[in-house]
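*Asks:*
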Amino acid sequence: MEEVMKFADDLGPLKIIHVYQPSVGLNATLVVDNVARGPSIGGMRMAPDVTTEECFRLARAMTLKNAAADLPHGGGKMVINADPNAPREQKEQILRCLVNALRNETDYVFAPDMGTNETCMSWIRDEVDRVVGLPRSLGGIPLDEIGATAWGLKVATKIATDATRLNLNNARFAVQGFGAVGSHVARFLSDEGATLVAVSESSGAIANPDGLDVSALIELNQNNQPLTSYSKAQRISPDELIGVDCDIWIPAARPDVINAGNAASIKASIIAQGANIPATAEAEQLLHERGVLVLPDFIANAGGVICAAMEFAGATESMVFPAIEEKIARNMATVIEHSRRENLLPRAAAERLARSRVETAMQNRRWTIF
Numbered sequence: 003m004e005e006v007m008k009f010a011d012d013l014g015p016l017k018i019i020h021v022y023q024p025s026v027g028l029n030a031t032l033v034v035d036n037v038a039r040g041p042s043i044g045g046m047r048m049a050p051d052v053t054t055e056e057c058f059r060l061a062r063a064m065t066l067k068n069a070a071a072d073l074p075h076g077g078g079k080m081v082i083n084a085d086p087n088a089p090r091e092q093k094e095q096i097l098r099c100l101v102n103a104l105r106n107e108t109d110y111v112f113a114p115d116m117g118t119n120e121t122c123m124s125w126i127r128d129e130v131d132r133v134v135g136l137p138r139s140l141g142g143i144p145l146d147e148i149g150a151t152a153w154g155l156k157v158a159t160k161i162a163t164d165a166t167r168l169n170l171n172n173a174r175f176a177v178q179g180f181g182a183v184g185s186h187v188a189r190f191l192s193d194e195g196a197t198l199v200a201v202s203e204s205s206g207a208i209a210n211p212d213g214l215d216v217s218a219l220i221e222l223n224q225n226n227q228p229l230t231s232y233s234k235a236q237r238i239s240p241d242e243l244i245g246v247d248c249d250i251w252i253p254a255a256r257p258d259v260i261n262a263g264n265a266a267s268i269k270a271s272i273i274a275q276g277a278n279i280p281a282t283a284e285a286e287q288l289l290h291e292r293g294v295l296v297l298p299d300f301i302a303n304a305g306g307v308i309c310a311a312m313e314f315a316g317a318t319e320s321m322v323f324p325a326i327e328e329k330i331a332r333n334m335a336t337v338i339e340h341s342r343r344e345n346l347l348p349r350a351a352a353e354r355l356a357r358s359r360v361e362t363a364m365q366n367r368r369w370t371i372f
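Following this line, the structure appears as structure tokens:
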């Protein structure tokens, strides 16, 4: 608890709940960071090595993300210490037990994240009503399936390339993590004329300076075949991916993959953060000093939560992409403009925008409860 409370400030966290039931393999933490703007939305992340500190940092990112996107929701996050590839029956039992333990926790809306998906959300919907990211068969908008987060990331990247006078049609990009975000953003950027030159996943990394066939990689992914089986590329180490010669580098996996130890290796002029908290504060400062434009995660990858909030409010799927584009394009342009005009880190400009909206909401809450 002490390691988490060192991050506490005037915004939160409001509550930290630990749920433990060893008989089913359940060990989870929920952090509700701030609910001044409404009930918190944040995904359920399942991995064997997630920590309470990581959960808090992700919950705060969701507070800022939801406020920056001007959604009527606060920020929260859940981490589950378990293998996401466990047998279906075991995984379902863990999630159903967890949700029942939090049945009355109305400050949190369940949503998918790394290690959970639409099927998992359907199990949760069977237990409680407070869930988004449902499959279409249950009236949901499957944000991973349609690539909502990646669509917003593409929009943010387009705004960044315009601001840096980089022609997206001729840009070269690399993606770290080829899951729901990484594979979709590779497709969207390729459709814009950009060239994927390197990519990684858990099985390894591959590169080809002449370009990779995104459709072929997606097909391998869908058939549960490793990307390293793609024949028209050279295998490289995950560490080498950081230094690939490209214009845009997209982290779309775990936190802190860009840090002070490897930031100097990055050759890209734009870092488009598809993952949450993928770079340390020190790394972002170092990159900013070199003139690298780092797009803040809670601005650039807000497409997923915008979709989730719209589903929660009863919107239809056809309304999602235009709303994501409008919100993220406006916010990204504003952040870049303020960053340049006031010589701020893009993250500092983004945090100021988001915090002002949260603080305004807090002033109107009884007892200043956040």
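The sequence shown begins at 3 in the working numbering and counts up one residue at a time. Beta carbons: idealized from backbone N, C-alpha and C, even for Gly.
Give me the DSSP bridge partner(s) of Lys79.
*Replies:* Residue mapping note: residue 79 aligns to position 77 of the sequence shown, counting from 1. Val33.
*Asks:* In whole angstroms, give me the CA-to-CA distance for Asp72 and Asn333.
*Replies:* The residue labelled residue 72 in the question sits at position 70 within the sequence shown. The residue labelled residue 333 in the question sits at position 331 within the sequence shown. Rounded to whole angstroms, Asp72 to Asn333 spans 10 angstroms at the Cα level.
*Asks:* Taking the C-alpha atoms as reference points, what is the distance between Met364 and Leu243?
*Replies:* Your numbering for residue 364 matches position 362 in the sequence shown. Your numbering for residue 243 matches position 241 in the sequence shown. Approximately 43 angstroms, taken between the alpha carbons.
*Asks:* Go through its chain and collect everything with a Cβ distance to Gln23's Cβ below 7 angstroms, but skip five positions before and after it.
*Replies:* Taking the sequence shown and counting its residues from 1, one reaches residue 23 at position 21. Hits under 7 angstroms: Cys99.
*Asks:* Need the endpoints of the beta strand (DSSP E) that Met46 sits in, please.
*Replies:* Taking the first residue of the sequence shown as 1, we reach residue 46 at position 44. Its beta strand (DSSP E) spans residues 42–49.
*Asks:* Would you decide whether Ala299 is buried or exposed? Buried here means 16 or more other CB atoms lie within 10 Å of its CB.
*Replies:* Taking the first residue of the sequence shown as position 1, residue 299 is located at position 297. Residue identity differs from the one stated: residue 299 is Asp in this sequence, not Ala. Result: buried.
*Asks:* So Gly14 packs on Thr54, CB below 8 angstroms; how close in whole Å?
*Replies:* Taking the first residue of the sequence shown as position 1, residue 14 is located at position 12. Taking the first residue of the sequence shown as position 1, residue 54 is located at position 52. Rounded, the Cβ-Cβ distance is 14 angstroms, inconsistent with contact.
*Asks:* I think Val307 touches Asn102, with their Cβ atoms under 8 angstroms apart; what is that distance to the nearest whole Å?
*Replies:* To locate residue 307, count along the sequence shown from 1; it is residue 305. To locate residue 102, count along the sequence shown from 1; it is residue 100. With a Cβ gap of about 25 angstroms, Val307 and Asn102 do not count as contacting.
*Asks:* Taking Cβ to Cβ, would you say Ala270 is nearer than 8 angstroms to Leu288?
*Replies:* Here residue 270 corresponds to residue number 268 of the sequence shown, with the count starting at 1. Here residue 288 corresponds to residue number 286 of the sequence shown, with the count starting at 1. No, they are not a contact pair.
*Asks:* Reducing DSSP to helix, strand and coil, say where Ala178 ends up.
*Replies:* Walking along the sequence shown from the start, residue 178 turns up at place 176. Checking the displayed sequence, the identity of residue 178 turns out to be Gln instead of Ala. Strand, per DSSP.
*Asks:* Using 8 angstroms as the cut-off, can you tell me whether the segment 267–284 makes contact with the segment 208–219, which would need three or more C-beta pairs spanning the two stretches below that distance?
*Replies:* Contact between the segment 267–284 and the segment 208–219 is absent, because fewer than three Cβ pairs lie under 8 angstroms.
*Asks:* Work out the CA separation of Ser139 and Ser124 for me, nearest whole Å.
*Replies:* Here the question's residue 124 lines up with position 122 in the sequence shown. Here the question's residue 139 lines up with position 137 in the sequence shown. If you take the alpha carbons of Ser124 and Ser139, they lie about 9 angstroms apart.
*Asks:* What whole-angstrom Cβ distance do Ser25 and Gly78 have, given they're in contact under 8 angstroms?
*Replies:* Counting from 1 along the sequence shown, the entry for residue 25 is found at position 23. Counting from 1 along the sequence shown, the entry for residue 78 is found at position 76. The Cβ separation is near 26 angstroms, so there is no contact.
*Asks:* Going by DSSP, what residue range makes up the alpha helix (DSSP H) through Pro240?
*Replies:* Sequence index remark: in the sequence shown, residue 240 carries index 238 (1-based). From DSSP, the alpha helix (DSSP H) with Pro240 extends over 240–244.
*Asks:* Measuring CA to CA, which of Met80, Pro86, Ile96 is closest to Glu107?
*Replies:* The residue you call residue 107 lines up with position 105 of the sequence shown. Cα-wise, what sits closest to Glu107 is Met80.
*Asks:* Report yes if the CB atom of Asp1 is closer than 8 angstroms to the CB atom of Pro50, and no otherwise.
*Replies:* Nothing can be reported for residue 1, as the shown portion of the chain is limited to 3 through 372.
*Asks:* Using CA coordinates, which residue listed in Met48, Gly276, Asn210, Leu229 is at the minimum distance from Val157?
*Replies:* Start at 1 with the first residue of the sequence shown, and residue 157 comes out as number 155. Considering only alpha carbons, the answer is Gly276.
*Asks:* Would you decide whether Ser320 is buried or exposed? Buried here means 16 or more other CB atoms lie within 10 Å of its CB.
*Replies:* Against the sequence shown, residue 320 aligns to sequence position 318. Result: exposed.
*Asks:* Starting from Ala325 and walking both ways along the alpha helix (DSSP H), at which residues does that stretch end?
*Replies:* Residue 325 sits at position 323 when you count from the first residue of the sequence shown. 322–344 is the span of the alpha helix (DSSP H), which, as asked, contains Ala325.
*Asks:* Restricting to Cα atoms, I'd like to know which of Ala274, Phe323, Phe175, Leu295 is closest to Val201.
*Replies:* Position 199 of the sequence shown, counted from the first residue, corresponds to residue 201. The residue with the shortest Cα to Cα distance from Val201 is Phe175.
*Asks:* Looking at Val134: is its Cβ nearer than 8 angstroms to the Cβ of Leu155?
*Replies:* Position 132 of the sequence shown, counting from 1, holds the residue named residue 134. Position 153 of the sequence shown, counting from 1, holds the residue named residue 155. No, these two residues do not count as a Cβ contact at 8 angstroms.
*Asks:* Judging by CA-CA distance, which residue of Asp241, Pro114, Ala63, Ala235 is the nearest neighbour of Asp146?
*Replies:* Reading the sequence shown from its first residue, position 144 is the one you call residue 146. Nearest C-alpha to Asp146: Pro114.
*Asks:* Between the Cα of Ala209 and the Cα atoms of Gln227, Leu222, Tyr232, Glu194, which residue gives the shortest distance?
*Replies:* Counting from one through the sequence shown, the residue named residue 209 turns up at place 207. Among Gln227, Leu222, Tyr232, Glu194, the Cα nearest to that of Ala209 is on Tyr232.
*Asks:* So Phe112 and Arg90 are supposed to be a Cβ contact under 8 angstroms. How far apart are they, rounded?
*Replies:* Taking the sequence shown and counting its residues from 1, one reaches residue 112 at position 110. Taking the sequence shown and counting its residues from 1, one reaches residue 90 at position 88. 18 angstroms between Cβ atoms; not a contact.
*Asks:* Taking buried to mean at least 16 other C-beta atoms within 10 Å of its own C-beta, is His20 buried or exposed?
*Replies:* The residue labelled residue 20 in the question sits at position 18 within the sequence shown. Exposed: under 16 other Cβ atoms inside 10 Å.
*Asks:* If distances are taken between C-alpha atoms only, which option among Gly117, Glu327, Ala70 comes closest to Ala88?
*Replies:* For the purposes of this step, residue 88 is taken as residue 86 along the sequence shown, with counting starting at 1. For the residues Gly117, Glu327, Ala70, the minimum Cα distance to Ala88 belongs to Gly117.
*Asks:* From Asn172 to Val33, what does the alpha carbon distance come to, in whole angstroms?
*Replies:* Translated into positions along the sequence shown, residue 172 becomes position 170. Translated into positions along the sequence shown, residue 33 becomes position 31. Whole-angstrom Cα-Cα distance: 42 angstroms.
*Asks:* Cβ atoms of Gly27 and Ile2: under 8 angstroms apart, would you say?
*Replies:* Residue 2 falls outside the range modelled here, since the chain spans only 3 to 372, and no answer is possible.
*Asks:* Can you check which of these residues, Leu136, Gln236, Gly305, is closest to Ala152 by C-alpha distance?
*Replies:* The residue given as residue 152 occupies position 150 in the sequence shown. Nearest C-alpha to Ala152: Gly305.
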